[in-house]
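There are 2 protein chains.
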Amino acid sequence: MTNPTAAMLVIGDEILSGRTRDSNMHHLAGQLTERGITLAEVRVVADDQPAIVAAVNALRAGFDHVFTSGGIGPTHDDITADAMAVAFGVAITHRADAMALLGAHYARQGLEFNAARQRMARIPDGAVLIDNPVSIAPGFSLGNVHVMAGVPRIFEAMVAGVLAGITGGAPLLSRTLRVERGEGDIATAFSDFAAGYPDLAMGSYPFNMNGSFGTNLVLRGTDAARLDAAHAALTALLMP
Amino acid sequence: MTNPTAAMLVIGDEILSGRTRDSNMHHLAGQLTERGITLAEVRVVADDQPAIVAAVNALRAGFDHVFTSGGIGPTHDDITADAMAVAFGVAITHRADAMALLGAHYARQGLEFNAARQRMARIPDGAVLIDNPVSIAPGFSLGNVHVMAGVPRIFEAMVAGVLAGITGGAPLLSRTLRVERGEGDIATAFSDFAAGYPDLAMGSYPFNMNGSFGTNLVLRGTDAARLDAAHAALTALLMP
Numbered sequence: 023m024t025n026p027t028a029a030m031l032v033i034g035d036e037i038l039s040g041r042t043r044d045s046n047m048h049h050l051a052g053q054l055t056e057r058g059i060t061l062a063e064v065r066v067v068a069d070d071q072p073a074i075v076a077a078v079n080a081l082r083a084g085f086d087h088v089f090t091s092g093g094i095g096p097t098h099d100d101i102t103a104d105a106m107a108v109a110f111g112v113a114i115t116h117r118a119d120a121m122a123l124l125g126a127h128y129a130r131q132g133l134e135f136n137a138a139r140q141r142m143a144r145i146p147d148g149a150v151l152i153d154n155p156v157s158i159a160p161g162f163s164l165g166n167v168h169v170m171a172g173v174p175r176i177f178e179a180m181v182a183g184v185l186a187g188i189t190g191g192a193p194l195l196s197r198t199l200r201v202e203r204g205e206g207d208i209a210t211a212f213s214d215f216a217a218g219y220p221d222l223a224m225g226s227y228p229f230n231m232n233g234s235f236g237t238n239l240v241l242r243g244t245d246a247a248r249l250d251a252a253h254a255a256l257t258a259l260l261m262p
Numbered sequence: 023m024t025n026p027t028a029a030m031l032v033i034g035d036e037i038l039s040g041r042t043r044d045s046n047m048h049h050l051a052g053q054l055t056e057r058g059i060t061l062a063e064v065r066v067v068a069d070d071q072p073a074i075v076a077a078v079n080a081l082r083a084g085f086d087h088v089f090t091s092g093g094i095g096p097t098h099d100d101i102t103a104d105a106m107a108v109a110f111g112v113a114i115t116h117r118a119d120a121m122a123l124l125g126a127h128y129a130r131q132g133l134e135f136n137a138a139r140q141r142m143a144r145i146p147d148g149a150v151l152i153d154n155p156v157s158i159a160p161g162f163s164l165g166n167v168h169v170m171a172g173v174p175r176i177f178e179a180m181v182a183g184v185l186a187g188i189t190g191g192a193p194l195l196s197r198t199l200r201v202e203r204g205e206g207d208i209a210t211a212f213s214d215f216a217a218g219y220p221d222l223a224m225g226s227y228p229f230n231m232n233g234s235f236g237t238n239l240v241l242r243g244t245d246a247a248r249l250d251a252a253h254a255a256l257t258a259l260l261m262p
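Chains as they are written, first to last, in our numbering: chain A, 23 to 262; chain B, 23 to 262.
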């Protein structure tokens, strides 16, 4: 049984211009790994309809799930919902349930439910709303694409809601062996060792601390006993 | 005159599994913006040859420059150089100048220049080496693709070297107006305002500080005087 696959699409000029440092990718990656969903690709595109449409159509055809962040607010640069409607070839309207949610929210706050705020109730036909416990304006799932806000606190709450409804696979586990030797010293032995465990993924990550080189060797797989055995064997090999 | 365009390709299982938080994208984005090169797309793929080949071939056909990070070390999971050779349909060999650089480096350190370390001298035919002032093992430019290390300190040094040899365009400048009002309050006025400046890109970024909502309105363009005029006009409009 293979784990489900996923891709992420980050939408926003502010990431590509270097103004904002994205943190949603790292959050989603950790959440998916815990639930046994393999994040296979991430793309970041600008607030540009053709770029968004091309990316989401490529990713939704290639992976079981696509998670997007950004571009669903009330301003003119928030074009994600319209781009999704174009990508799926469906209409987009001010949906009654989203209008009701937002209308009640602004009434409670004594704020005007103006045209800009009503824009956040524009939902492509056939979508299922994603709850926003932080600021009400909903995300939505359309087919296998989950469209969420870019503000990290809202994105994270929406991810939790979406993942509660998705069946994952076997969580990807890891074991790390830290060795106080440079990568080049142990690369051949590690490579030969890895070849004996085709069911595990093994990676090597060099570091430099206080001027001395070291390497973190990371073993990844879904079988804890198998990982523990490999970790013990690697320890015996490199730190005899 | 339009500015040159660029894409980035981040290569590494460790980013997609959530083990490592990528910082190279944010660094490159800032550097390119300063030099008037438009970063239009970023992709992150796993240590998987078909995925790397497909991504780099799509990106190098679509943009003026492609910058890659990751996968050029001495271990078996470092497959970027071979993937680039496959993508370009060229041979890859242990190149004499790279062998000489690395051989001298390890001799100075009294370390064995073993097969794993020699692997870092494998360079696709026709490439130009990128200097690595940190740990010697070079990156390379092949056509419009610049292949660099994933370790941030090395990546940053290589980016500086590559950018010194690339002609940029007019640097993308920005002005920010911080308003202590929610995005939905000002969205319509801001959108109408933006429509009057088709030569500037305008984005709206909500924030929440100590429980109160505010919005950063960011104006971007290449003409400082035009930006200053727009910023003054927007200030007069929203903070009269």
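The beta carbon of each residue, even a glycine, is placed where N, CA and C say it ideally should be.
DSSP-derived helix/strand/coil call for residue i
i       : result
S213(A) : helix
N46(B)  : helix
G218(A) : coil
R65(B)  : strand
T257(A) : helix
A192(B) : coil
A171(B) : coil
P96(B)  : coil
G132(A) : coil
F110(B) : helix
N238(A) : strand
N230(B) : strand
G125(A) : helix
G40(A)  : coil
G280(A) : Chain A is shown only over 23 to 262; residue 280(A) falls outside these bounds and no answer can be derived.
Beta carbon of residue i nearer than 8 Å to that of residue j
i       : j       : result
T237(B) : G204(B) : yes
D35(A)  : A73(A)  : no
V75(A)  : T90(A)  : no
A138(B) : G206(A) : yes
I145(B) : I101(B) : no
A28(B)  : D86(B)  : yes
S226(B) : L239(B) : yes
A252(B) : Y219(B) : yes
G58(B)  : L194(B) : yes
I33(A)  : G92(A)  : yes
I94(A)  : A107(A) : no
V167(B) : V88(B)  : yes
Beta-carbon neighbours of residue i, restricted to chain B and to distances below 9 Å
i       : result
N136(A) : G206, D207, A209, T210
E63(A)  : L38, R65, V66, V67, A68, A73, A77
L194(A) : S39
Proximal chain A residues relative to residue i, where beta-carbon distance stays under 9 Å
i       : result
H48(B)  : I37, G40, T42, R43, D44
R242(B) : D35, S39, R41
T24(B)  : None at all; the shortest Cβ gap to chain A is about 14 Å.
T27(B)  : None at all; the shortest Cβ gap to chain A is about 11 Å.
With 16 other Cβ atoms within 10 Å as the buried cut-off, status of residue i
i       : result
M231(B) : exposed
P96(A)  : buried
P228(A) : buried
E202(A) : exposed
M224(B) : buried
G111(A) : exposed
D214(B) : exposed
R65(A)  : buried
R200(B) : exposed
T60(B)  : buried
M261(A) : exposed
E134(A) : exposed
Interface residues of chain A facing residue i [CB-CB closer than 7 Å]
i       : result
A223(B) : D35
V184(B) : By Cβ distance, chain A contributes nothing, its closest Cβ being about 17 Å from V184(B), past 7 Å.
A187(B) : It should be pointed out that residue 187(B) corresponds to Gly in this sequence rather than to Ala. Going along chain A, no residue has its Cβ under 7 Å from G187(B), so there is no contact; the nearest lies around 21 Å.
Residues sharing a beta bridge with residue i, DSSP
i       : result
I152(A) : G161(A)
T115(B) : I145(B)
T102(A) : Answer is none; T102(A) lacks a bridge partner.
L54(B)  : Per DSSP, none; premise fails for L54(B).
A28(A)  : L61(A), H87(A)
T198(A) : V240(A)
I74(B)  : Bridge partners of I74(B): none, in fact.
8 Å Cβ cut-off: residues of chain A touching residue i
i       : result
R200(B) : In chain order: nothing, as chain A lies at least about 13 Å away.
Where residue i meets chain B, residues with beta-carbon distance less than 8 Å
i      : result
A51(A) : I37, L38, S39, G40
V19(A) : In the structure as shown, chain A begins at 23 and stops at 262. Residue 19(A) is therefore absent and cannot be evaluated.
Under 7 Å by beta carbon: chain B residues contacting residue i
i       : result
H87(A)  : None at all; the shortest Cβ gap to chain B is about 14 Å.
T97(A)  : E205, A209, F212, S213, S226
V173(A) : P228
T55(A)  : S39, G40
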